[in-house]
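83 is the number that the numbering used here gives to position 79 of the sequence shown; each next residue is one higher, with no gaps. For reference, the structure discussed in these notes is given below.
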Amino acid sequence: MLVVFSLDTGITFTLKSNEHLYPIEPSSLKQYPPLATEIILCNICPLDKITMTFTPFTIETVRSLTLNEIFMGRIKLATRSCFWIDPLVKPVRLAALKRIAYDKPIRKQLILSKLVQSNDNHMNLLERIAIEAKLNDVPISNQEEIQEQTKPIIKSDEQEIVKEEIIEDFSPVFKP
5 MLVVFSLDTG
15 ITFTLKSNEH
25 LYPIEPSSLK
35 QYPPLATEII
45 LCNICPLDKI
55 TMTFTPFTIE
65 TVRSLTLNEI
75 FMGRIKLATR
85 SCFWIDPLVK
95 PVRLAALKRI
105 AYDKPIRKQL
115 ILSKLVQSND
125 NHMNLLERIA
135 IEAKLNDVPI
145 SNQEEIQEQT
155 KPIIKSDEQE
165 IVKEEIIEDF
175 SPVFKP
């Protein structure tokens, strides 16, 4: 049994453990107290670039898509109380085929509905900030590899030297 309290609606409900629910791995995630975790869908941003806020209609649409639903996602970045997730998908049980399929990712649904826009640079910026703030336990060997991968490149049109920085994805491979 899993007791869930929705911060948005203030409703507490209980979910029964079944094949759609998987234990939280690694065990280090289990140490966080209830109500201390915020989940953020990454690689999207609001359409309004001036105020950088989501419209009430977008917020209500996301709420209706996610309320009382079970989702699976890949954690791209985790801090003490926050998880950035992409993709976030809903498993759909196909009883006739005895299989589980996955619905369209929430991010893609929002982009196709023209409620948000894609922000492909989001994860690169988050990973860079996490490395600078030492939020991730990145081994020194990986940091040295990143520094080695930073190399000058000459653009043929402008003849300028530009530094190309490659940030590796340190998250595990998504295996639903």
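Using N, Cα and C, we set each Cβ at its ideal position, and we do this for glycine too. As the structure is a prediction and not an experimental result, all values here were calculated from the model.
Just checking my contact of residue 45 with residue 115 at CB under 8 Å: how many whole Å lie between their CB atoms? Going by Cβ atoms, the distance from residue 45 to residue 115 rounds to 11 Å, so no, they are not a contact pair.
Can you give me the C-alpha to C-alpha distance between residue 130 and residue 81, rounded to a whole angstrom? Cα-Cα distance, rounded: 8 Å.
Which residues bound the beta strand (DSSP E) around residue 42? Boundaries of the beta strand (DSSP E) around residue 42: 42-45.
Based on DSSP bridge pairs, tell me the residues matched to residue 100. According to DSSP, which records beta bridges pairwise, residue 100 is partnered with nothing at all.
With C-beta atoms as the reference, is residue 75 less than 8 Å away from residue 98? Going by C-beta atoms, residue 75 is not nearer than 8 Å to residue 98.
Out of 133, 128, 127, 18, point me to the one whose CA is closest to residue 72's CA. With distances taken between Cα atoms, residue 72 lies closest to 18.
Assumed close pair residue 123, residue 48 - CB separation to whole angstroms, cut-off 8 Å: Between the beta-carbon of residue 123 and that of residue 48 there is about 6 Å, and that keeps the pair under the 8 Å contact cut.
Could you pull out every residue in the same chain whose Cβ sits closer than 7 Å to the Cβ of residue 107, ignoring the five residues on either side in sequence? In its chain, beyond the 5 residues on either side, 93, 94, 96 have a beta carbon closer than 7 Å to the beta carbon of residue 107.
By how many angstroms is the C-alpha of residue 89 removed from the C-alpha of residue 182? Residue 182 lies beyond the residue range present for the chain, which begins at 5 and ends at 180; the question has no answer from this structure.
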